[in-house]
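Residue numbers (this note's numbering): 4 to 81.
Even glycine gets a Cβ: it sits at the ideal position worked out from N, Cα and C.
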Amino acid sequence: MQLEALKESVLIGGRLPAHNARIPKAERDPASAQLAYFVTNQRKNRSSLSIEQRAALEDIPGLLWSPLDMGQQRPVIR
Numbered sequence: 004m005q006l007e008a009l010k011e012s013v014l015i016g017g018r019l020p021a022h023n024a025r026i027p028k029a030e031r032d033p034a035s036a037q038l039a040y041f042v043t044n045q046r047k048n049r050s051s052l053s054i055e056q057r058a059a060l061e062d063i064p065g066l067l068w069s070p071l072d073m074g075q076q077r078p079v080i081r
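In structure tokens, the structure reads:
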């Protein structure tokens with residue numbers, strides 16, 4: 004499940020995976036890119052997520068519904 008992989012990625016890496024167009028495709032980590040797209044899609048479709056799905060995502064340290072809210076980001080605890 005991508006949600007569990009996302010939680011593990013945040014705990015190991017200390018931050019959410021992000022898209023980075025400056026990194027050449029050949030050098031990108033496919034698993035990290037897939038999780039970044041997962042986060043983006045969850046943000047776009049949050050109005051159609053169940054209460055349980057939204058709560059599970061909100062439990063992930065550092066996850067914000069709007070990436071523009073970075074000034075309010077909760078710190079990731081290692």
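Worksheet item: Just the Cα atoms here: how many angstroms apart are residue 49 and residue 62?
Response: Walking along the sequence shown from the start, residue 49 turns up at place 46. Walking along the sequence shown from the start, residue 62 turns up at place 59. Rounded to whole angstroms, residue 49 and residue 62 show a C-alpha spacing of 15 Å.
Worksheet item: Does the Cβ-Cβ distance between residue 52 and residue 12 come in under 7 Å?
Response: One-based indexing of the sequence shown puts residue 52 at position 49. One-based indexing of the sequence shown puts residue 12 at position 9. No, they are not a contact pair.
Worksheet item: Based on Cα-Cα distance, which residue from 67, 29, 45 and 20 lies nearest to residue 36?
Response: Looking up residue 36 in the sequence shown gives position 33. Checking every option, the nearest Cα to that of residue 36 belongs to 20.
Worksheet item: For residue 24, does the three-state DSSP call read helix, strand or coil?
Response: Your numbering for residue 24 matches position 21 in the sequence shown. It is coil, neither helix nor strand.
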